[in-house]
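Participant:
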Amino acid sequence: MQWTAKVRVQAGTFVLDASIEGGLAPVILVGPNGSGKTTLLRAIAGAHAAVQGRVEAGGRVLSDSETGVHLPPEERRIGYVPQGYGLFPHLTVAANVAFGLSGKARRMPGAERRQAVGAILERMGCERLAGRLPRALSGGEQQRVALARALVTEPGMLLLDEPLAALDPAARRDMRRFLARHLADRARPAIVATHDARDVYALDAAAVYALEDGCVSQSGPPSALAARPATSFVAEFFALAPGEQARPDDAGPASVRAGEPARSGP
Amino acid sequence: MLALLAVPMVALVTASSWEELVRGARDASFWPALWLSARTTFASMALVVLGGTPLAWWMAAREGRWVRAVEMIVDLPVVVPPAVVGLALLEAFGRNGLFSPVLAPLGLHLPFTTAAVVLAQVVVAAPFYVQSAAAAFRRTDADLLIVARTLGQSPAGTFLRVAAPLALPGLLAGAALSWARALGEFGATLLFAGNLAGSTRTMPLAIYTALEADTQVAVSLALALAGAGALLLLPLRAVPAMLARRFGTTARRWHRGG
Amino acid sequence: MAAAQACAPDSPGADPPVRLAVFAASSLTEAFGDVEGLFEAAHPGVDAVLSFAGSQTLRLQIERGARADVFASADPAQMALLAGAGLVDGERAFAYNELAVIVPPGNPAGIESFRDLPRAERLVVGTERVPAGAYARQILAASAGLFGPGFAKAVTDRIVSEESNVRLVRAKVEMGEADAAIVYRTDAVGGRVRVVPVPAGLNVEAEYVIAAVSGGRRPAAARQWIEFLGSREAQEALAGRGFVVPGRRGGG
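Residue numbers (our numbering), protein chains in the order written: chain F, 1 to 266; chain U, 1 to 258; chain P, 1 to 252.
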């Protein structure tokens with residue numbers, strides 16, 4: 001299962017022009033604020049109508065400006081968890097999770113839907129939250145619910161925008177472990193935008209793309225970027241994770257155990 | 001400022017007594033005018049919400065020259081004196097108006113009809129709703145709409161199940177303001193719809209007409225209208241505040257990022 | 001006479017000009033506009049400031065302490081109310097008006113005489129609470145003798161609007177929205193309308209009265225204005241706007 005996204009979006013004076021690709025192993029997007037990470041994820045999700053380029057996943061063309069193909073978001077089978085999680089504040093946790101099973105795309109009979117919602121909430125460890133409104137949840141709980149809501153529709157691809165940024169350190173550690181465990185099954189490709197180098201190793205990323213000013217400034221396996229950063233941003237990004245500097249240069253991503261770095265930290 | 005807003009109303013109340021208020025309510029012109037005002041403002045609000053909501057949604061989703069031009073057109077009836085709005089409506093829909101070649105063969109004569117009252121109310125009141133609704137839609141977290149789409153909702157479904165419920169406090173507040181404006185509409189109605197008891201004489205026209213004969217009846221009618229208005233405004237104000245409390249802060253929680 | 005008033009506080013000869021506040025019924029708008037120019041030419045020290053509204057509204061304003069010096073009413077009843085309260089004195093009639101039917105220049109309903117009034121699809125009159133509206137109803141009530149008992153109802157059935165101001169009534173005809181309206185004869189002069197006369201036997205004589213407002217700040221100038229209305233040039237100005245003035249009244 002391979003995917004490629006070659007995207008050019010212009011929003012005012014800002015231009016994003018990036019080409020990224022990957023397979024089932026998670027791909028990490030890094031970059032300073034305003035470098036275009038969110039714009040790239042939204043473009044892949046189909047939120048921008050005026051997008052140039054081509055997005056393809058598992059042999060399915062999602063958009064291609066050459067041939068004029070542009071699938072609307074509801075037909076892309078992409079799970080998108082934005083920054084701040086994007087839970088619908090007026091719906092309970094259960095209704096949030098059931099939301100994707102009641103739309104036109106994947107309508108499910110009531111009983112079946114309740115069962116699916118219950119099952120995924122249990123898997124995410126938040127079945128006791130079902131009746132609550134999002135504002136009554138902690139950041140970590142919201143993130144789990146948002147993930148449950150995205151996964152219950154069994155998307156072909158998962159896009160996570162800064163999934164850990166808004167959490168306090170303890171919750172972030174838990175959540176990182178939790179994400180690593182859920183992405184470890186490699187059921188679907190995942191693109192994760194992050195600020196934190198520890199996520200790169202914890203999520204066992206196959207590749208890292210550094211976005212700066214709307215362009216890919218460097219890409220490759222995490223170890224390659226850490227060893228030979230091409231820009232000061234990339235250098236600083238990997239320097240922020242002191243525990244990872246000691247790791248031998250040849251340690252491939254596959255050898256990094258999910259969740260280990262966070263636990264072995266000081 | 002508050003004093004300036006409150007003092008004339010207080011003076012109106014103190015200038016009258018309970019008996020006079022009752023007398024106003026018993027005046028022959030009171031119930032027909034109130035009933036007409038209720039009917040016409042209900043109809044005009046339905047039209048304002050049905051037509052104004054899609055327009056507000058369109059305005060909120062876009063930016064640029066066209067949207068600014070549309071916003072100006074929407075605001076125009078607020079700036080222009082209502083009497084001029086009435087005149088403009090006559091120039092458009094009157095017997096010698098712009099659309100008379102279309103309307104006359106269909107047997108449609110708008111001036112002097114209750115429909116003209118509704119039309120005048122729609123034109124003067126719609127800006128308040130449209131601007132408030134557009135502001136409410138602009139405040140909606142764009143990510144929520146994208147998420148709803150990725151979860152399989154069509155644009156219409158996204159609007160009905162996410163955008164509209166989240167903007168509801170703003171929509172209701174706008175509707176309240178707009179309704180109040182429609183209820184008080186006077187100048188455009190007087191010119192475009194005329195002034196006939198039972199068919200075009202709404203409360204404000206009844207008050208004005210009474211003023212020509214008996215000030216006390218006019219004051220009593222005005223008090224009764226203000227009372228009826230306050231009764232209807234109260235829930236319209238309270239519900240948005242209640243909804244806003246219920247949704248809490250989550251809708252606003254998102255940070256622009258890279 | 002000018003010498004006799006030279007020492008009065010509002011002496012017309014004094015500088016700056018005395019401001020005389022004249023409150024007048026809206027049907028006097030054009031006529032008093034003409035009179036103002038003539039008056040100020042004859043009395044250079046006085047600046048007449050005219051304020052027009054419905055007689056009822058003006059009466060109300062004077063009751064609530066508006067600073068008027070002269071009040072000219074289209075409705076003697078309003079003047080009587082003020083006189084009863086001691087707020088005016090020396091009231092007298094200075095002009096008469098009557099009613100007329102007006103139709104748009106194209107006369108879409110084909111109304112050639114008063115008898116044709118039921119042909120109007122849309123008729124506009126004043127409310128019964130304004131003098132012009134009350135007079136119109138008086139005429140219709142009296143019309144049975146001439147046109148039969150059903151006539152008044154046939155006409156009132158055509159009323160689509162009852163305006164609280166006679167100028168609004170005329171505007172509806174001018175804009176072509178109404179097929180006919182009943183207004184003062186003076187409102188028909190100078191408007192973009194055609195006049196259909198009301199039969200002489202039916203018509204009313206609407207009396208215009210004027211008085212000085214008690215406690216006005218310019219009593220001398222007020223007196224001058226009222227007296228000036230009796231002058232030949234003022235009478236001609238009023239007649240030119242369609243009013244019947246006392247000197248020209250048949251037999252009066």
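Note that the Cβ used here is the ideal one computed from N, Cα and C, for glycine as well.
1. Rounded to whole angstroms, how far is the Cβ of F137 (chain U) from the Cβ of A230 (chain U), which I believe are closer than 8 Å?
2. Straight-line CA distance for L233 (chain U) to G131 (chain F)?
3. So, with DSSP's three-state summary, where would you put M330 (chain U)?
4. Between the stretch 187–201 of chain F and the stretch 36–47 of chain F, can you find at least three pairs of beta-carbon atoms closer than 8 Å?
5. Mind checking L28 (chain P): buried by the 16 CB within 10 Å criterion, or exposed?
6. Spatial neighbours of G117 (chain F) within its chain, please: CB distance less than 6 Å, with the 5 preceding and 5 following residues excluded, ordered by chain position.
7. I'd like to know whether the C-beta of M79 (chain P) is nearer than 8 Å to at least one C-beta of chain U.
8. Find the residues of chain P that neighbour L98 (chain U), judging by a C-beta separation of less than 9 Å, and give them in chain order.
9. Cβ closer than 7 Å: which chain U residues qualify as neighbours of S51 (chain P)?
10. If you compare alpha carbons, which of P:A85, P:A141, P:E40, P:A21 is closest to R67 (chain P)?
11. Find the residues of chain F that neighbour V147 (chain U), judging by a C-beta separation of less than 7 Å, and give them in chain order.
12. Nearest by alpha-carbon distance to D157 (chain P): which of P:V166, P:V124, P:K172 is it?
13. For T153 (chain F), return the contacting residues in chain U, with the cut-off set at a CB-CB distance below 8 Å.
14. Taking Cβ-Cβ distances below 8 Å as the criterion, which residues of the stretch 37–56 of chain F are in contact with chain U?
15. Could you tell me which residues DSSP pairs with S161 (chain P) in its beta bridges?
16. Residues in its own chain within less than 8 Å of L99 (chain P) by CB, not counting five upstream and five downstream?
17. Which residues, taken in chain order from the stretch 115–142 of chain P, show a beta carbon closer than 8 Å to some beta carbon of chain C?
18. Could you check which residue in F:A202, F:Y209, F:Y85, F:P169 has the C-alpha nearest to that of R149 (chain F)?
19. Cβ of K37 (chain F) within 8 Å of Cβ of D199 (chain F)?
20. Taking the CB atoms as reference points, tell me whether I159 (chain P) and L196 (chain U) lie closer together than 8 Å.
21. Can a CB atom of chain F be found closer than 8 Å to the CB of L166 (chain U)?
22. Please list the residues of the stretch 74–95 of chain U that have a C-beta atom closer than 7 Å to any C-beta atom in chain F, keeping them in chain order.
23. For chain F, check one thing: does any of its Cβ atoms lie closer than 8 Å to the Cβ of V162 (chain U)?
24. When burial is assigned at 16 or more other CB atoms within 10 Å of the CB, is K172 (chain P) buried or exposed?
25. What residue ranges within the stretch 135–161 of chain F form continuous beta strand (DSSP E) runs of no fewer than 3 residues, ordered along the chain?
26. Under a Cβ-count criterion, where at least 16 other Cβ atoms within 10 Å of its own Cβ denotes burial, should P8 (chain U) be classed as buried or exposed?
27. Just to confirm the assignment, what range does the beta strand (DSSP E) spanning D179 (chain P) have?
28. Less than 8 Å between the C-beta atoms of M175 (chain F) and L158 (chain F), yes or no?
29. Taking Cβ to Cβ, would you say T153 (chain F) is nearer than 8 Å to G100 (chain F)?
30. Might you give, ordered along the chain, the residues of its own chain that have their beta carbon closer than 7 Å to the beta carbon of V162 (chain U), omitting 5 neighbours on each side?
31. Taking the C-alpha atoms as reference points, what is the distance between A171 (chain F) and L179 (chain F)?
32. Where does N33 (chain F) land, buried or exposed, given buried means 16+ other C-beta within 10 angstroms?
33. Here's the rule I'm using: 16 or more other beta-carbon atoms within 10 Å means buried, otherwise exposed. How should I73 (chain U) be labelled?
34. Using the Cβ count rule (16 or more neighbours within 10 Å means buried), how would you classify P222 (chain F)?
35. Determine contact between the stretch 101–110 of chain U and the stretch 33–41 of chain U, defined as no fewer than three beta-carbon pairs at a distance below 8 Å.
36. Since V208 (chain F) and V30 (chain F) should fall inside the 8 Å C-beta cutoff, what is the C-beta to C-beta distance between them, to a whole number of angstroms?
Facilitator: Put simply:
1. Contact flag wrong, Cβ pair sits at about 29 Å.
2. The straight-line gap separating the alpha-carbon atoms of L233 (chain U) and G131 (chain F) is approximately 33 Å.
3. The question about residue 330 (chain U) has no answer, for chain U in this structure spans 1 to 258.
4. Short answer: they touch.
5. buried
6. Sequence check: residue 117 (chain F) is Val here, not Gly. Same-chain partners within the cutoff: A94, V97, A98.
7. no
8. Those do not exist, as L98 (chain U) stays about 13 Å from chain P at its closest Cβ, beyond 9 Å.
9. Neighbours of S51 (chain P) on chain U: none; closest Cβ ~17 Å, over 7 Å.
10. P:A21
11. Chain F residues near V147 (chain U): Y80, P82, G86.
12. P:V124
13. L151, G152
14. K37, T38, R42, A45, G46, A47
15. P:V124
16. A132, Y135, A136, I139, I182, V183, Y184, R185, V198, N203, V204, A206
17. Protein chains in the displayed structure are F, U and P, and chain C is not among them.
18. F:Y85
19. no
20. yes
21. Interface residue, yes.
22. Contacts with chain F (Cβ-Cβ distance below 7 Å) from the stretch 74–95 of chain U involve no residue at all.
23. Yes, its Cβ sits closer than 8 Å to a Cβ of chain F.
24. buried
25. 157–161
26. exposed
27. Premise fails: D179 (chain P) is in no beta strand (DSSP E) and is neither H nor E.
28. no
29. yes
30. Excluding positions up to five away in sequence, the list reads L144, L145, A148.
31. 12 Å
32. exposed
33. Classification for I73 (chain U): exposed.
34. Buried.
35. no
36. 6 Å
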